[in-house]
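The structure under discussion appears below in the form of structure tokens.
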Amino acid sequence: MSIHPILSALRRHKTGTTLIALQIALTLAIVCNALFIIRTQFEQMGRPTGLDEHNLLMIATTQSGIDSNTDAGKATIDASIKADLTTLRQLPDVIDAYETRSIPLSGGLWGLGIRMMPSGSYGSHTTYFHADEHTLATLGLRLVAGRNFRNDEIGEDDDSGVLQPAAIIVSKHLADSLFPRGDALGKPVYFTSATTPSTIVGIVERMQTSSTYSGTDNRTWDSTLVPMRLVTPSRYYVVRTRSGRLAAAMQSVPEALYAHDPQRVIPDGSGGDEAGVRSFAQIRAEAYQGDRTLAMLMGVISIILLAVTGGSIAGLSSFWVGQRRRQIGVRRALGASRRDIVRYFLIENALISVAGVIVGILLTFVFNGWLMGQFELTRLSPVYVLIGVVMLLLLSQGAALAPALRAARTTPVEAIRSS
Amino acid sequence: MFKYYLQLGFRSLRRNPVLTALMVMTIGFGVASSMTTYTVFRAMSGDPIPWKSGKLFFPQIDAWGPNARRNGTEPADAMTYVDAVSLMRDHRAHLQSALYPIAPTVHSEDPTQKSRMAPGQAVYSEFFPMLDVPFLFGGGWTAADDEQHARVAVISKSLNQRLFEGTNSVGQSIQLDSHSYRVSGVLDDWHPQPKFYGLATTDAFGPADQVFLPFTTATDAQLATRSGLFCIKLPGPGYAAMLNSSCVWIGYMVELDTPSQVSAYRTYLEGYAHEQQASGRFGWVSNNRLRNLPAWLDFEHVVPPQTKISLAVALCLLLVCMVNTVGLLLAKFLRRSGEIGVRRALGASRLAIGAQFGVEAGTIGVAGGLLGLMLTWLGVQVMHVSLPRQFAALARIDLALLWQTLLLAVVATVLAGLYPVWRVMYVRPSLQLKED
Chain A
117 MSIHPILSAL RRHKTGTTLI ALQIALTLAI VCNALFIIRT QFEQMGRPTG LDEHNLLMIA
177 TTQSGIDSNT DAGKATIDAS IKADLTTLRQ LPDVIDAYET RSIPLSGGLW GLGIRMMPSG
237 SYGSHTTYFH ADEHTLATLG LRLVAGRNFR NDEIGEDDDS GVLQPAAIIV SKHLADSLFP
297 RGDALGKPVY FTSATTPSTI VGIVERMQTS STYSGTDNRT WDSTLVPMRL VTPSRYYVVR
357 TRSGRLAAAM QSVPEALYAH DPQRVIPDGS GGDEAGVRSF AQIRAEAYQG DRTLAMLMGV
417 ISIILLAVTG GSIAGLSSFW VGQRRRQIGV RRALGASRRD IVRYFLIENA LISVAGVIVG
477 ILLTFVFNGW LMGQFELTRL SPVYVLIGVV MLLLLSQGAA LAPALRAART TPVEAIRSS
Chain B
61 MFKYYLQLGF RSLRRNPVLT ALMVMTIGFG VASSMTTYTV FRAMSGDPIP WKSGKLFFPQ
121 IDAWGPNARR NGTEPADAMT YVDAVSLMRD HRAHLQSALY PIAPTVHSED PTQKSRMAPG
181 QAVYSEFFPM LDVPFLFGGG WTAADDEQHA RVAVISKSLN QRLFEGTNSV GQSIQLDSHS
241 YRVSGVLDDW HPQPKFYGLA TTDAFGPADQ VFLPFTTATD AQLATRSGLF CIKLPGPGYA
301 AMLNSSCVWI GYMVELDTPS QVSAYRTYLE GYAHEQQASG RFGWVSNNRL RNLPAWLDFE
361 HVVPPQTKIS LAVALCLLLV CMVNTVGLLL AKFLRRSGEI GVRRALGASR LAIGAQFGVE
421 AGTIGVAGGL LGLMLTWLGV QVMHVSLPRQ FAALARIDLA LLWQTLLLAV VATVLAGLYP
481 VWRVMYVRPS LQLKED
């Protein structure tokens, strides 16, 4: 069948044709970008932290009334940290525990500059985590080179002053970016304002920083463990529980800590506060809540959009069928088969859709360009456009099928009678 | 006549239920998705103190020099202790306050109650009049209290509820960390969102501050900042070293009521930076900023990109819905060309035809708006559970949102109806009669 008569018929329905094509174009542009945003968010959310995330919990505690700026106060805090950790490690639900301020995804960002010499500009930056000899085992980090911290290496940090531990463990990503030749182990580096070097004694395979902020993406994997106990009134304990005992430990751990010191503060999560006891699953969920909501919203909007567009194509097609009953009858009377009629309407729909899709592909990239400029999105991959195009063509044909079939049921007699 | 057109409209809508339902749903969904995302955007981008936002200014002093500027040009948004205290001492604005976030532990006298941390701010006495902070009981402390490092506190309504069961607690004492403070005032409900005064150091959204202490007293008691220190060079150990360091951790705001005060303050900041340069503390030319609140909110990127993307995509959806409605209305109206022809032939003016179909489009708009209202309500409920904790409270429905939703639906439908109505107005009577 030649498409010439279809084209000349379309020319008489310029407005309707344009509207449907425009709608297909806009739908394609939005759905492609929405799909791409969803995919980007899921990619973000799916990144492994490098930890063994099961059976891990983190508990916040604050001790007040101790002046942490005096030596006596520091000694009191230090003693209570050691006592807390001994208590925790002896709990039946607990395998291991250590004290710190942050872990991957837990929020907040404590960073340091790194340079190879004690002066000059900082070539790299890193997020640092307080750690001790229990940290690797508690977090389930995989050491790929070097060794763990030793007990006698663990110093004290009162969160002020320059940080210059003699030994550090870094993530492989940071090691490779500092020493591209892969010989980072045993090399000295200098942190911000440090005068003595810190030697890389161990390298872990992978360790994400504490923030998910995508603007720091290049630094997302640049983590450093410093062998220091954080001697401040506010701190966190990270606890690895026995398999299947996570829920029980989330009760027993705060109870044990309260039993040890009833005056301490462990936030209960009321009044908009962050909960004091969080499993790693909760930490992960909270860290990516915004991304998940955005993905969900894009999904809902895409579905509504496709439904609306499908409905609209079906509606307008059936209007056209109704309008052309007489012509269809005449064609049928002149010998056109039902199949011919269906084919006519489907081809007509396909022509409009293809025109819409071509405009839509342009719009997709325009929209993507605008989003990139505004929101630090990356360039849309053509795969999404292809998926979008196929989806819309199928949707459009599907929506036109029912009206086309109804058109085919028109009998020649009926059409002639109706005039 | 309007009533008659309304009847005609309803009759026509009933005659074609599928097409009508399609249009109503299109408008409903389009409007609801826009309004749902808009509720969050509105709350985030709102002016937290509209009667005064043009008069509140946030000075920035470049204590770090050219190597550490944001985007190569912008000085840090927070201040060093040295600069904040110097500016307070000079006291050149009508009202001003340095401030930093704190989180002291509140101990209760009731031994069954667990101790809790109370988020708060260390501020100067002028903070309260400058921000028109509402008081339930008592008031802020005096400038003399600032000077004497007095142990006074202003507490929030919720903290007063917890500690004193809502009674007037002015003059009573509360135990924060290891010191006792006299309550000078209890705030009424006060939770500006975004929390504009703390943007230099803390997040824009989150729980309300519960306790306010004099800045001088807080630094005296060596209270640490609840947020972080931002340093290009780390200080030595100890609180005193931190105070003298080039680390920035303090917010600063001033009230300047007239343009001449603004320019005088700018000149003062310039002079201050020059002095610091002359004394050798700053090794660079002055690079100050003095942004008013709207500019400050923009600079601090209060609205997260996800919210903007959502709104942008939702508005595009509404656009598609409108295009869709144009098509459907056109189909629906032109199908009745015969009827229009008869009315025209019987003497109806083009305007009358336009009015009739305009009213019909408007009815669809209202119906779509009602559906949109229900869906928006549903959407806001979903937002409540799925937004990050600190944003969840922002998604809420109020009266303004209700009529905005309806208005948006009607305006969108009428806009979409313009072209179809114009088409039916130009249906030629004779031709239609002949064809039938």
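Protein sequence lines correspond, in order, to chains A and B. Heads up, the numbering used here is the position in the first sequence plus 116, with the first residue counted as 1. Heads up, the numbering used here is the position in the second sequence plus 60, with the first residue counted as 1. Every residue, glycine too, gets a C-beta built ideally from N, C-alpha and C.
Residue i in three-state terms, based on DSSP
| i | result |
| --- | --- |
| residue 180/B | strand |
| residue 221/B | helix |
| residue 304/A | strand |
| residue 154/B | coil |
| residue 247/B | strand |
| residue 122/A | helix |
| residue 363/B | coil |
| residue 492/A | coil |
| residue 161/B | strand |
| residue 535/A | Residue confidence for residue 535/A is low, a pLDDT of 45 falling below 50, so the modelled location carries little weight and cannot support an answer. |
| residue 389/B | helix |
| residue 407/B | coil |
| residue 399/B | helix |
| residue 242/B | strand |
| residue 312/B | strand |
| residue 523/A | helix |
| residue 476/B | helix |
| residue 238/A | coil |
| residue 332/A | With a pLDDT of 46 at residue 332/A, under the threshold of 50, the predicted position of this residue should be treated as unreliable, though the coordinate-derived value follows. Reduced to three states, the DSSP call for residue 332/A is helix. |
Residues near residue i in its chain [Cβ-Cβ closer than 6 Å; skip 5 each side]
| i | result |
| --- | --- |
| residue 332/A | At residue 332/A, the pLDDT of 46 sits below 50, so the modelled position is not reliable; the number obtained from the coordinates is stated separately. Counting only Cβ-Cβ distances below 6 Å, and skipping sequence neighbours, we find nothing. |
| residue 469/B | 87, 91, 425, 428, 429, 432 |
| residue 143/A | 421, 425 |
| residue 336/B | 342 |
| residue 468/A | 133, 136, 137 |
| residue 483/A | 145, 149 |
Residue environment, residue i, which counts as buried when at least 16 other CB atoms sit within 10 Å
| i | result |
| --- | --- |
| residue 202/A | exposed |
| residue 138/B | buried |
| residue 293/B | exposed |
| residue 463/B | exposed |
| residue 270/B | buried |
| residue 78/B | exposed |
| residue 167/B | buried |
| residue 64/B | exposed |
| residue 62/B | exposed |
| residue 233/A | exposed |
| residue 431/A | buried |
| residue 263/A | exposed |
| residue 361/B | exposed |
| residue 198/A | exposed |
| residue 187/A | exposed |
Rounded distance between the beta-carbons of residue j and residue i, thought under 8 Å
| i | j | result |
| --- | --- | --- |
| residue 173/A | residue 372/A | Not really, about 13 Å apart at Cβ, beyond 8 Å. |
| residue 175/A | residue 393/A | 5 Å |
| residue 313/B | residue 113/B | With a Cβ gap of about 12 Å, residue 313/B and residue 113/B do not count as contacting. |
| residue 368/A | residue 223/A | With a Cβ gap of about 25 Å, residue 368/A and residue 223/A do not count as contacting. |
| residue 159/B | residue 123/B | So it is not a contact: roughly 17 Å between Cβ atoms. |
| residue 343/A | residue 270/A | 5 Å |
| residue 185/B | residue 206/B | 5 Å |
| residue 410/A | residue 370/B | 6 Å |
| residue 474/B | residue 401/B | Going by Cβ atoms, the distance from residue 474/B to residue 401/B rounds to 24 Å, so no, they are not a contact pair. |
Cβ-based neighbour list, residue i, same chain, cut-off 7 Å, excluding 5 preceding and 5 following
| i | result |
| --- | --- |
| residue 386/B | 476, 479, 480 |
| residue 497/B | Only positions 61 to 496 of chain B appear in this structure, which leaves residue 497/B out of reach. |
Own chain, CB closer than 8 Å to residue i, minus 5 neighbours either side, in chain order
| i | result |
| --- | --- |
| residue 440/B | 96, 99, 455, 456, 457 |
*Between the segment 62-92 of chain B and chain A, which residues of the former have a C-beta closer than 8 Å to a C-beta of the latter?*
78, 79, 82, 85, 86, 89, 90
*With 8 Å as the C-beta to C-beta threshold (strictly closer), list the residues of the segment 204-237 of chain B near chain A in chain order.*
218, 237
*Would you list, in chain order, the members of the segment 368-391 of chain B that have their beta-carbon closer than 8 Å to a beta-carbon of chain A?*
368, 369, 370, 372, 373, 374, 376, 377, 379, 380, 381, 383, 384, 386, 387, 388, 390, 391
*Anything in the segment 290-321 of chain A with a Cβ closer than 7 Å to a Cβ of chain B? List those residues in chain order, please.*
308, 309
*Which of the residues in the segment 251-275 of chain B, read from start to end, lie with their CB under 7 Å from any CB of chain A?*
266, 267
_the segment 144-174 of chain A: positions lying closer than 8 Å to chain B by Cβ_ = 145, 146, 149, 150, 153
*When you check each C-beta in the segment 293-312 of chain B against every C-beta of chain A, which residues fall closer than 8 Å?*
293, 294, 295, 296, 297, 298, 299, 301, 302
*For the segment 407-433 of chain B, which residues have a CB atom closer than 7 Å to at least one CB atom of chain A, in sequence order?*
none
*Which of the residues in the segment 436-454 of chain A, read from start to end, lie with their CB under 7 Å from any CB of chain B?*
none
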